[in-house]
Amino acid sequence: MTKAVLLPEPGPPESFTWGDIDVPDPGPGEVQIRQSAVGLNFIDIHFRSGLYSVPQLPAILGREGAGTVEAIGEGVSEVAVGQRVAYAGLHGAYTELRNAPADRLVPLPDHISDDIAAAIMQKGMTAQVLVRRVCDLGPGDTILYHAAAGGVGLIACEWAKHLGATVIGTVGSAHKVPIAAAHGCAAVINYETEDFAERVKDITDGKGVQALYDSVGAKTFEKSLPLLAPQGTAALYGQASGPVPPDVFTRLPPDRFFIRPTLGGFTSTRDDLLKTARELFDVIERGGVQVQINQTYALKDAAQAHRDLEARRTTGSTILVP
Ligand SMILES: NC(=O)c1ccc[n+]([C@@H]2O[C@H](COP(=O)([O-])OP(=O)(O)OC[C@H]3O[C@@H](n4cnc5c(N)ncnc54)[C@H](OP(=O)(O)O)[C@@H]3O)[C@@H](O)[C@H]2O)c1
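In the working numbering, the protein residues as written are 2 to 323.
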């Protein structure tokens, strides 16, 4: 028996219960992990609320975690018992002990603690996809980054600056402005009190931005499209404020690129997964990105963590500790 956060039915944060589950021995190709930290992600809210469907009920939410391999199943060669590992994109993270497919686990180097790993595997690898592969940013690029003080946001903005780009970030409250500014943003706009489109036009002298990164969706995406410079790229990778209208893409000006990137799509092979993680670990080791774990909750308090993330009270990464 092990303790886990269970979701009997989709619903509000109060739907979670804290209970016992049986974790069977790992099957062929599987590994059993004693988890020391679990990452909280905005997508967990979409699964909890029922916007996205869970594989089964009662569900164990969460897709990001880190810990130590306690047992391995038949045929596992990727990791060994006693090794520290982490993962992203695997359902069932809100538990003390879990099984996971060995080929989706990333061994952790010494300079990445379990807490840091749980804070970055989903968010930091998504940042890698955004700033290195959706666009390979560099000096001369100016970007507009919405929700810049969030989990993915702080890592991506700091990484973009490290690559030489000029980052214009938006945030939803005054206390987030200095946090975004300290993590890569040359200019920070509070989009609750300022017209971000007018500010971006002013800041760029009307030239617009080479890349738009939007995980806010309904509230920001359509208004941002005219701010893209010719040959610029609009990356829509989330919908924290709700979905964009289905025909919004017809309003993309000519000669601009559009992509809906997913971490899963960019890390579907083991080779891609390991390369993405390695680049993330390297940029942290070089000091190009400082990971901010700004909220830590006991795993059993996942409901409060969800309330805070959903109410936009968090900044940077949030972890849940079993
Ligand atoms: N495509 C992928 O593979 C992928 C992977 C990872 C994450 N994501 C997406 O990336 C986004 C960021 O993820 P995260 O876990 O790091 O979350 P996060 O950015 O820490 O939290 C979401 C932020 O969105 C902003 N927001 C704007 N309107 C909102 C609203 N109506 N309700 C709630 N939040 C609102 C808030 O910042 P302000 O208060 O500053 O507005 C909030 O802090 C999410 O949309 C997530 O689904 C996508």
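We treat Cβ as the ideally placed atom computed from N, Cα and C, and that holds for glycine.
Nearest to residue i by CA position, among the options, is which residue?
i: residue 320; options: 269, 114, 55; result: 114
i: residue 158; options: 132, 101, 177; result: 132
i: residue 93; options: 254, 73, 22; result: 22
i: residue 68; options: 313, 119, 204; result: 119
i: residue 194; options: 245, 82, 175; result: 175
i: residue 276; options: 252, 216, 127, 13; result: 127
i: residue 41; options: 323, 314, 310; result: 310
i: residue 203; options: 188, 214, 291; result: 188
i: residue 154; options: 165, 125, 167; result: 125
i: residue 271; options: 72, 18, 78, 56; result: 78
i: residue 232; options: 260, 240, 241, 13; result: 260
i: residue 32; options: 17, 252, 72, 55; result: 72
i: residue 262; options: 97, 82, 214, 246; result: 214
i: residue 328; options: 308, 302, 306; result: Outside the displayed span of the chain (2 to 323) sits residue 328, for which this structure offers no information.
i: residue 230; options: 307, 89, 256; result: 256
Ordered along the chain, which non-local residues of its own chain (more than five positions away) have a Cβ less than 6 Å from that of residue i?
i: residue 9; result: 59
i: residue 112; result: 286
i: residue 282; result: 110, 113
i: residue 107; result: 87, 278
i: residue 184; result: 155, 158, 159
i: residue 240; result: 218
i: residue 313; result: 173
i: residue 186; result: 149, 158, 168, 170
i: residue 13; result: none
i: residue 140; result: 165
Leaving aside the five residues before and after residue i along the sequence, list all residues of the same chain whose C-beta is less than 7 Å from its C-beta, in chain order.
i: residue 15; result: 304
i: residue 91; result: 64, 101, 105
i: residue 50; result: 11
i: residue 224; result: 198
i: residue 163; result: 284, 289, 290
i: residue 182; result: 189
i: residue 129; result: 277, 280, 281
i: residue 205; result: 143
i: residue 297; result: 320, 322
i: residue 83; result: 69, 70
i: residue 308; result: 14
i: residue 252; result: 223, 226
i: residue 177; result: 150, 316
i: residue 89; result: 64, 65, 122, 123, 126, 264
i: residue 247; result: none
Can you give the beta carbon distance from residue i to residue j, rounded, assuming they're within the 8 Å contact cut?
i: residue 237; j: residue 258; result: No, residue 237 and residue 258 are not in contact; Cβ-Cβ is about 12 Å, not under 8 Å.
i: residue 135; j: residue 234; result: 6 Å
i: residue 161; j: residue 138; result: 5 Å
i: residue 7; j: residue 61; result: 6 Å
i: residue 74; j: residue 27; result: 4 Å
i: residue 295; j: residue 315; result: 7 Å
i: residue 121; j: residue 150; result: No, residue 121 and residue 150 are not in contact; Cβ-Cβ is about 16 Å, not under 8 Å.
Taking the CB atoms as reference points, tell me whether residue i and residue j lie closer together than 8 Å.
i: residue 38; j: residue 95; result: no
i: residue 99; j: residue 36; result: yes
i: residue 324; j: residue 173; result: No information on residue 324 is available, as it lies outside the stretch 2 to 323 that the chain covers here.
i: residue 123; j: residue 300; result: no
i: residue 249; j: residue 228; result: no
i: residue 76; j: residue 30; result: yes
i: residue 87; j: residue 142; result: no
i: residue 70; j: residue 117; result: no
i: residue 166; j: residue 216; result: no
i: residue 226; j: residue 254; result: yes
i: residue 318; j: residue 152; result: yes
To which residues of the same chain is residue i closer than 8 Å at the C-beta, ignoring the five residues directly before and after it?
i: residue 190; result: 169, 170, 171, 172, 197, 200, 201
i: residue 53; result: 44, 47
i: residue 2; result: 21, 22, 23
i: residue 242; result: 217, 218, 219, 220, 221
i: residue 56; result: 92
i: residue 97; result: 3, 4, 5, 35, 36, 300, 323
i: residue 245; result: 218, 219, 222, 223, 237
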